[in-house]
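With full-length UniProt numbering, letter number 309 in the sequence shown gets 309, and the count goes up by one each step, no holes. Cβ atoms here follow ideal geometry from the backbone N, Cα and C, with glycine treated the same way. Only a predicted model underlies this, so the values are computations on that prediction, with no experimental measurement involved. As structure tokens, the structure follows; a few thoughts come after it.
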Amino acid sequence: MPTAPSPALPTPPPEIRANQHIYSDYFDEEFVYQLDKNILQLLDRVWFRSELVGFEDYPQRNNPDKPLIFASNHSGMAFPWDAMVALSHLWRKLPSLRDLPRPLSAPMLSQSALMNPFLVRNFWKRCGCVDATTLNFETMMYYTEHNLMLYPEGVPGIGKGFNRKYQLQRLATSIVRLGIQHRTDIIPFYTINGEYLNPYAYSWDWINNLSKKIGIPFIPMGPIILMVLLQPWFFYMAFPAKLTFVLGSRIKPYELTDKAHDELSRDEYEALSNKVRSRMQTEMDAAVRQYGQQPYRWAEMWQRIKENWRYFPFFLPFAWPAVFTEFEKQYTRQGPQKNVNLDLTSPGAWLRMIWRNPFTISFFIPILGWIPIAIRGYKGHRLGKKS
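Shown next, in the form of structure tokens:
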């Protein structure tokens with residue numbers, strides 16, 4: 001007997017179809033591969049020493065035609081190294097890149113080159129990030145090549161301050177709405193120790209409101225704020241916190257209600273979002289108790305430094321401006337082959353990178369170094385422009 005034809009996938013609405021160019025506008029898998037091979041593996045191996053907990057049985061889609069929605073807490077008050085490390089670790093671990101999540105990121109990260117690591121143009125988008133707007137989120141729900149990842153606390157989660165480091169802020173209701181509409185599951189995972197990338201930093205709303213006008217989502221008021229003026233590379237600084245990513249329990253939002261997505265009121269969505277947040281908060285508290293008591297593990301880090309001494313100084317943050325700049329330069333010049341092999345082990349390699357990329361000296365000039373950095377960082381960006 002002939003088998004019945006598979007039901008056709010629903011056709012996206014016209015505004016979604018018109019927006020599907022975001023799938024491939026900037027995303028460059030070869031860029032991600034070369035970046036991980038040349039830089040991120042070393043930084044992770046020595047500096048961040050990331051660990052995936054519970055990912056051995058990697059979550060598979062409950063709906064094969066829809067991406068899973070991975071959701072994590074924000075570290076707070078730090079440059080988003082935690083997301084970079086999580087995704088690069090998964091990149092190396094997963095047998096199929098279809099399982100890898102593509103992030104929905106705060107649009108402010110891509111508005112100016114300043115918010116890209118060491119001014120690498122379109123860094124986040126080339127790594128697969130898509131601006132976290134409502135239309136883009138809805139469009140990505142029709143994307144089947146990868147799963148999705150987002151930080152549903154949004155910008156308030158980034159700037160919540162060290163005193164609220166593990167207090168989940170209000171979650172965007174869109175994560176629940178689209179989970180119900182597309183009948184796909186939410187996969188929580190918890191970023192532990194990420195707040196120690198920039199410890200004891202706090203924020204004030206009035207300062208953050210001013211900083212947003214120049215394309216910076218928050219100003220961390222803490223121990224390193226003076227060093228940001230004296231050594232601009234501290235703007236992208238991360239202390240060597242041991243990043244631990246703990247997989248949570250799968251959430252099926254469509255089982256939390258007996259109504260269709262278009263029958264729920266805003267208040268009902270808020271209630272469902274709070275229910276999801278409460279469940280995530282309970283799991284995250286348990287993860288913090290188990291994995292968040294020794295955020296740095298200095299003995300382990302010293303052992304990693306000794307094992308990787310021949311790569312000195314590239315695993316230390318002051319060398320990152322040169323290595324990221326040199327990587328972008330070589331990747332751009334490689335042409336179709338794109339086979340970048342940075343020299344990180346020969347004597348004087350760091351100084352040669354600075355010689356070939358003299359702009360990186362700006363990152364070490366007190367106060368005045370910010371002038372060329374700002375000129376390049378805001379080139380083509382109109383201050384105060386809304387996303």
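When burial is assigned at 16 or more other CB atoms within 10 Å of the CB, is residue i buried or exposed?
{"i": "Val341", "result": "Per the sequence presented here, residue 341 reads as Asn, with Val not at that position. Per the 10 Å Cβ criterion, exposed."}
{"i": "Ser50", "result": "buried"}
{"i": "Ile175", "result": "buried"}
{"i": "Asp65", "result": "exposed"}
{"i": "Asn198", "result": "buried"}
{"i": "His21", "result": "exposed"}
{"i": "Asn38", "result": "buried"}
{"i": "Trp206", "result": "exposed"}
{"i": "Thr325", "result": "buried"}
{"i": "Gln34", "result": "buried"}
{"i": "Pro295", "result": "buried"}
{"i": "Ala260", "result": "exposed"}
{"i": "Trp81", "result": "buried"}
{"i": "Trp91", "result": "buried"}
{"i": "Thr184", "result": "buried"}
{"i": "Lys213", "result": "exposed"}
{"i": "Thr11", "result": "exposed"}
{"i": "Ile180", "result": "buried"}
{"i": "Trp298", "result": "exposed"}
Excluding the five sequence neighbours on either side, which residues of its own chain have a C-beta within less than 6 Å of the C-beta of residue i, listed in chain order?
{"i": "Gln281", "result": "Leu168"}
{"i": "Ser273", "result": "Leu171, Thr173, Val176"}
{"i": "Tyr366", "result": "Looking at the sequence provided, one finds Pro at residue 366 rather than Tyr. Excluding positions up to five away in sequence, the list reads Leu230."}
{"i": "Gly76", "result": "Lys160, Lys165, Glu195"}
{"i": "Ile373", "result": "Pro232, Ser362"}
{"i": "Met141", "result": "Leu178, His182"}
{"i": "Trp301", "result": "A small fix is needed here, since residue 301 is Met in this sequence, not Trp. Hits under 6 Å: Pro240."}
{"i": "Ala78", "result": "Leu197, Asn198"}
Please list, in chain order, all residues of the same chain as residue i whose beta carbon is under 7 Å from its beta carbon, the five residues on each side excluded.
{"i": "Phe70", "result": "Pro101, Asn147, Leu148, Met149, Ile187, Phe189"}
{"i": "Asp99", "result": "Tyr58, Asn147"}
Check whether the Cβ of residue i sits closer than 7 Å to any heavy atom of the ligand NAP, and report yes or no.
{"i": "Ile371", "result": "As for the ligand NAP, it is missing from this structure, which has no ligand bound."}
Return the Cβ separation of residue i and residue j in integer angstroms, given the expectation that the two are a contact with Cβ distance under 8 Å.
{"i": "Tyr196", "j": "Phe239", "result": "6 Å"}
{"i": "Ile354", "j": "Thr345", "result": "Going by Cβ atoms, the distance from Ile354 to Thr345 rounds to 17 Å, so no, they are not a contact pair."}
{"i": "Asn308", "j": "Leu243", "result": "Their Cβ separation, rounded to whole angstroms, is 17 Å, which puts Asn308 and Leu243 out of contact at 8 Å."}
{"i": "Arg304", "j": "Val46", "result": "5 Å"}
{"i": "Ala106", "j": "Ala83", "result": "Actually they are not in contact, since the Cβ atoms of Ala106 and Ala83 sit about 11 Å apart, beyond 8 Å."}
{"i": "Met227", "j": "Ser203", "result": "Not a contact, Cβ separation roughly 18 Å."}
{"i": "residue 388", "j": "Ala287", "result": "Past the boundaries of the shown model lies residue 388; the chain is included only from 1 to 387, so the question cannot be answered."}
{"i": "Tyr236", "j": "Phe118", "result": "6 Å"}
Skipping 5 residues on each side, what residues in its chain have a beta carbon closer than 8 Å to that of residue i?
{"i": "Pro13", "result": "none"}
{"i": "Gly215", "result": "Met108, Gln111, Ser112, Leu114, Met115, Tyr378, His381, Leu383"}
{"i": "Glu15", "result": "Leu135"}
{"i": "Asn19", "result": "Leu135, Asn136, Thr139"}
Give the range of the alpha helix (DSSP H) segment to which residue i is assigned.
{"i": "Pro64", "result": "From DSSP, Pro64 is part of no alpha helix (DSSP H); its letter is neither H nor E."}
{"i": "Thr17", "result": "Looking at the sequence provided, one finds Arg at residue 17 rather than Thr. It spans 14-19 - the alpha helix (DSSP H) in which Arg17 sits, taken as one unbroken run."}
{"i": "Ser105", "result": "It is not in any alpha helix (DSSP H) - Ser105 instead sits in the beta strand (DSSP E) that spans 101-105."}
Between which two residues does the beta strand (DSSP E) holding residue i run?
{"i": "Ala71", "result": "69-72"}
{"i": "residue 392", "result": "Nothing about residue 392 can be read from this structure; the chain reaches only from 1 to 387."}
{"i": "Glu51", "result": "51-53"}
#### Entry: Ordered list of alpha helix (DSSP H) runs contained in the region 179-259, each at least 4 residues
205-212, 225-230
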